[in-house]
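Chain order of the listed sequences is A and B. By the numbering used here, the letter at position 229 of the first sequence is numbered 229, and the numbering carries on one by one without gaps. By the numbering used here, the letter at position 316 of the second sequence is numbered 1316, and the numbering carries on one by one without gaps. Don't be surprised by glycine CBs; every beta carbon is placed ideally from N, CA and C.
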Amino acid sequence: MGVTIDVKNLTKKYGKVTALDRVNLTIQPGEFLVLLGPSGCGKTTLLRCIAGLETPDEGEISIDDQVVFSAERGISVPSGKRRVGMVFQSYALWPHMAVYENVGFGLRLRKIPPKDVRRQVDKVLEDLSMAGLGNRYPSELSGGQQQRVAVARLLASKPPVFLMDEPLSNLDARLRLDMRSELKRLHYQLEVTTVYVTHDQTEAMTMATRVVVMEGGRIRQIDAPQEIYRKPANIFIAEFVGMPRINTFPAKIFMQNGTCWAEMDGIKIPLPWIPAQKEVRAAIRPEDITISVNPLENSPEFQVYAVLPCGPEIYVQVKRGNRIIMIRETRQLDLQMDQPVWLKIDPAAVNLYDIQSGLLLISENGKTAEQPTKGGNK
Amino acid sequence: MNKLANSIGLIHNNPFKRQLNLIRHRITSPQFVISVLLLVVLGYLVLMPLYGLAERTLVWKDSDLRISKEIEPGTITLFHWKNIFSGRIARSFFYKPLLNTLLTGTIAALIAMLLGSFLAWLVTRTDLPGRNWLKTLLTLPYIIPSFAIALAWETLFRSPKIGGQPGFFQVIFNVPPPEWLSYGPVPIIITMAVHYFPFALLLVSGALATIDTQLEEGAEILGASRWTILRKITFPVVAPAVIAAFVLTFGRTIGNFALQFLLGLPVHYHTLATMLYMSLKMGFEPIAYVLGIILIVITSLVVYGSNRYLGKNLRRYETVGGKGFKGEPARLGPWRWPVFSMVGTVAFITAIFPLMLLAYQTLMLVKGRFDLGNLTLHFWIGASDPDIVSGEPGVLQNPIILSAAWNSIRLAVLSSIISTILGLIVAYLIVRNHKSVTATLLDQISFLPFLFPAIAFGAMYLSLFATRQGPIPALYGTFALLVIISVVKRLPYAVRTGTSAITQIGVELEEAAQIEGASWLQRIRMVVMPLATSGIVSGFMVTFVGMMRELSLIILLITPQTAVLMTLGFRYAEDGWVQLSNALVLLVTLITIIGELIVWRLGKSRLSRLREKQMAGKKE
């Protein structure tokens, strides 16, 4: 069912601002690809270029081996002919049309007999448990229902590519969670190639088969969600992905007793490999640090700065000097403010980054990673 | 195959060819083609007349041979300009009328501004009884044609010393009114102030309604007295709107021809507008056209100046309706009823009394005789009687008047429809392609007619379309020319209405249709038009009402076959057939008031529908 989307060397400028800078990306058939990044990183521009709503300045886009855009060859297939469907952030439901007309719009344009349009629209609405709402106007629907109508409109035309531009960002938290699983289920059933834009990293993690992290108009990393989380390709991604935020420290590398050690703020960690640099930046997720109320050999003493219980887990901030470290504990610890504690860090979970370039220095088997992972090589 | 082509393309990356492709895409898009077409058509209809006007004043024509035998038609000359500025006629044709224009305009605008602002404060920020309907009543003088107010004044203060029958004043007081009160600058100033103060009232009350009352409450908490608050907070915040009211009113008085003509001519008190008209009537075309250019220059300076000094401030206060003021209204205390009767009197004198005068006048068989035996319905329903107004039958069975009424409605309907649709298309192209060269040019060219005072614009079209121009036949005397000039003159307003309608429609609504495969025309038809309708219907009515009472714009282009109610009324007034003239003006007033009421109703329902749309559009 799904098709391949190929993006080559895509550049888009708005005046002097470069929204997309030589972007290369291959989207596999049936993939659920999430474009993730802070606002202004170019993710929406990339989606709109694929949709045909923006005209890039350079590069080429093909969908299912058909070139739909090429600056060089002067090809620009209009959106309506690219066989893509799109859900907009604002839903973009036509306020003067009832749900039936909204959903059946594309079908009617294709001169499909009214009876068949009706049947297909009914089917889609039923699948989305919206049967009976066909005669309502968008203003008479709740936010969640409007969102479903937007999805129904996308489904009705049966496009081989789904494009979604932050479709859930206007829903309240609970509804958003429900819709996530519904969209995921939909993708599982239809296996349509899906490109999904979001700035919400939780959403990216939960939905994607692969995540593309963008920053400053460039792709910084393409990987499975877990890889993005465990092995962020650079310090920016490490800090952008994950809630609460990752801890980063300046760290010194030294040899002692035949073991390579990293020392940061007095905590010493044995490293399973030997980096070339003497000074690096270390990044450790809050859940990879454990708290001990008894003194530990490789850790100095910290004070508890704040305890933030939130249901199944506790966030604890500890302090030493000017540094505050965030720890995520699943154990039900009974900690007091300003109580002395010691920290233990899982050496396998530490990522080291080059201070100048901010790039990741190690990989699992000890090889030095110099470049962010390139797209399409999975 | 594809791959191969791609790799070749990537290697031979030819920036020139790429640029060419981009340009080709742009110029073959329907929006670009329409933009260029509109630019050509509007350019011709707006810029050519301006050029024609200028050319006529700078080049000798055959018809100028009567000025001197020695001139050579076709050569360039500054004679007409020198003549106006320093010739024998300079004083009577230019300097005096210029002074009169500036004098009457400034004083009238000043009075309108003060009166309008004060009343605006009373009806929006105080506990004045019945302030809502008082406000509606006070806007009436602006809806009544200014020509009607002048006619009413004349009915009241007509003086037999100038000729003709006495007015009400003389009948009541048994002495003729002083001449300065009958004709000349004083009545011109007063009637213009009466006609324009509602404009200031609307503008200033709009600004007052959008003031954040917390600003004032903040000062009150700090212990400021009400007078201090008014002086230090309220006034500075609305000052831009007050100044804008002055500047814009002044700009409008410059082009107000009929009122100045009616009340100035009997004592030979001329303004630039009336001088332009007289010059054309006397056959001094070049002089008229020079005066037209001067009028355009003055208006442009006023608009440029106000934009420059008010710029952003003005835009900030241009919200009509606004958020609605919720704070405590100022208490008038014991002054409540005295102020009410004062405002009520103003409303009565300016809005209702003139109409009553006009109506009564139409019932008088002989002007100036106030006994009951003189009352008649002849001017409304009477048959032709050679002894009365040269045998003109009553309004309701006079074929000339009926055909003029038909023309009026036809002209108003046609030009409203065309200018509304055209304005919507231009607005669409401007909003959706903003920053592009064609959009910027369209924006500017469609604004230009705003700078042409109505009478000068009429003169421009007269100069251009009196003769055949290339493939375009001489349009003078045709109904089509009236439609064209009305459409072009109304375009700046139509574009503004269209812009606000288009801005309300989110781009993504169109993009969603684009994705579903709708072409540009389909998008316009299925998405933009239906959503813009509620916005443009009120724009349509505003144009309709404006065209019904339009006089200065078309007076120079009218022929007996194309006469409309207003021009016919003007002719009758020129001939001294006041009863007929009043009856016609009353008819027009009635139609415009009905129209305004419809606009007002539409505006209300439009607001509620818009709110619904916004709810649908944004779910935060």
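Cross-chain neighbours of Arg-110 (chain A) in chain B, by beta carbon under 8 Å = Gly-1517
ask   = Given a threshold of 16 other Cβ atoms within 10 Å of its Cβ, counted over all protein chains shown, does Pro-159 (chain A) qualify as buried or as exposed?
value = Buried is the label assigned to Pro-159 (chain A), since at least 16 other Cβ atoms lie within 10 Å of its Cβ.
task = Determine the direct distance from the alpha carbon of Pro-1393 (chain B) to that of Val-1366 (chain B), and round the result to whole angstroms.
result = 15 Å
key: Touch test, the region 1510 to 1526 of chain B against the region 1547 to 1567 of chain B, Cβ-Cβ under 8 Å, three pairs minimum   = no
Secondary structure of Leu-1657 (chain B), DSSP reduced to three states = With chain B represented from 1001 up to 1620, any question about residue 1657 (chain B) goes unanswered, as that position is not in the structure.
query = With a CB to CB cut of under 8 Å and the five nearest residues on each side skipped, what residues in its chain are close to Lys-278 (chain A)?
reply = Lys-252, Ile-253 and Phe-254
request  = Take the Cβ of Leu-1295 (chain B) as the centre, count every other Cβ of all protein chains shown within 10 Å, and call the residue buried at 16 or more, exposed below.
outcome  = buried
inquiry  = Just verifying my parser: in three-state terms, what is the DSSP assignment at Asp-1387 (chain B)?
reply    = coil
query = Expressed to the nearest angstrom, what Euclidean distance is found between the alpha-carbon atoms of Lys-1069 (chain B) and Thr-1503 (chain B)?
reply = 60 Å
inquiry  = Please confirm whether Met-130 (chain A) has its beta-carbon closer than 7 Å to some beta-carbon of chain B.
reply    = no
key: Selected residue, minimal CA-CA separation from Asp-1385 (chain B), among B:Leu-1037, B:Asn-1374, B:Ile-1071 and B:Asn-1398   = B:Asn-1398
key: Start-end ranges of the alpha helix (DSSP H) lying completely within the region 1406 to 1449 of chain B, minimum 4 residues   = 1437 to 1447
key: C-alpha gap between Ser-129 (chain A) and Arg-153 (chain A), whole angstroms   = 14 Å
query = What are the partner residues of Gln-221 (chain A), as DSSP defines its beta bridges?
reply = A:Val-213
message = Within the continuous beta strand (DSSP E) that includes Ile-5 (chain A), where are the two ends?
response = Residues 5 to 14.
ask   = Between the region 1455 to 1468 of chain B and the region 1061 to 1075 of chain B, do at least 3 Cβ pairs fall closer than 8 Å?
value = The region 1455 to 1468 of chain B is not in contact with the region 1061 to 1075 of chain B.
ask   = Does the Cβ of Leu-1222 (chain B) have 16 or more other Cβ atoms within 10 Å, making it buried, or fewer, making it exposed?
value = By the 10 Å Cβ count, Leu-1222 (chain B) comes out exposed.
ask   = Considering only residues of the same chain and omitting the five flanking positions on each side of Ala-1193 (chain B), which have a CB-CB separation below 6 Å?
value = Ala-1108, Ile-1111 and Ala-1112
key: Cys-41 (chain A), DSSP secondary structure in three states   = coil
message = Just verifying my parser: in three-state terms, what is the DSSP assignment at Gly-400 (chain A)?
response = Nothing about residue 400 (chain A) can be reported from this structure: the residues present for chain A run from 1 to 378 only.
query = In chain A, what lies closer than 8 Å to Gly-1506 (chain B) by C-beta?
reply = At a beta-carbon threshold of 8 Å, the residues of chain A lying near Gly-1506 (chain B) are Ser-90 and Ala-92, ordered along the chain.
request  = Determine the closest residue to Ser-292 (chain A) out of A:Asn-234, A:Thr-26 and A:Glu-329, with distance taken between C-alpha atoms.
outcome  = A:Glu-329
request  = Tell me where the alpha helix (DSSP H) around Ala-152 (chain A) begins and ends.
outcome  = 143 to 156
message = 7 Å is my cut-off, CB to CB: does His-1025 (chain B) come that close to chain A?
response = yes
inquiry  = Quick check: the Cα distance between Thr-55 (chain A) and Pro-270 (chain A), rounded to an integer number of angstroms?
reply    = 52 Å
Whole-number beta carbon distance between Leu-1276 (chain B) and Ile-1455 (chain B), since they are thought to touch under 8 Å = 6 Å
Chain-order list of residues whose beta-carbon lies under 7 Å from that of Ile-27 (chain A) (same chain, five-residue window excluded) = Counting only residues of its own chain and dropping the five nearest sequence neighbours on each side, Ile-27 (chain A) has a CB closer than 7 Å to the CB of Thr-4, Ile-5, Leu-33, Thr-193 and Val-195.
inquiry  = I need the boundaries of the alpha helix (DSSP H) containing Gln-1522 (chain B), first residue and last residue.
reply    = Run containing Gln-1522 (chain B): 1520 to 1523, per the alpha helix (DSSP H) assignment.
query = How many angstroms separate the CA atom of Leu-1314 (chain B) from the CA atom of Leu-1230 (chain B)?
reply = Low confidence applies here, because Leu-1314 (chain B) scores a pLDDT of 45, under 50, leaving its location unreliable; read the following figure in that light. For Leu-1314 (chain B) and Leu-1230 (chain B), the distance between alpha carbons rounds to 20 Å.
query = Since Val-1527 (chain B) contacts Glu-1510 (chain B) with CB under 8 Å, what's their CB separation in whole angstroms?
reply = 6 Å
task = Check Val-103 (chain A) in the structure and name its three-state DSSP category.
result = helix
query = CB Val-1046 (chain B) to CB Ile-1298 (chain B), shorter than 7 Å?
reply = no
key: Closest by C-alpha distance to Asp-122 (chain A), when choosing among A:Leu-93, A:Ser-157 and A:His-96   = A:Ser-157
task = Give the DSSP bridge partners of Phe-249 (chain A), in chain order.
result = A:Ala-282
inquiry  = My output table needs one value for Pro-272 (chain A): the three-state DSSP class, helix, strand or coil.
reply    = coil
ask   = So Ala-98 (chain A) and Tyr-137 (chain A) are in contact, right, with Cβ under 8 Å, and what is the actual spacing, rounded?
value = 6 Å
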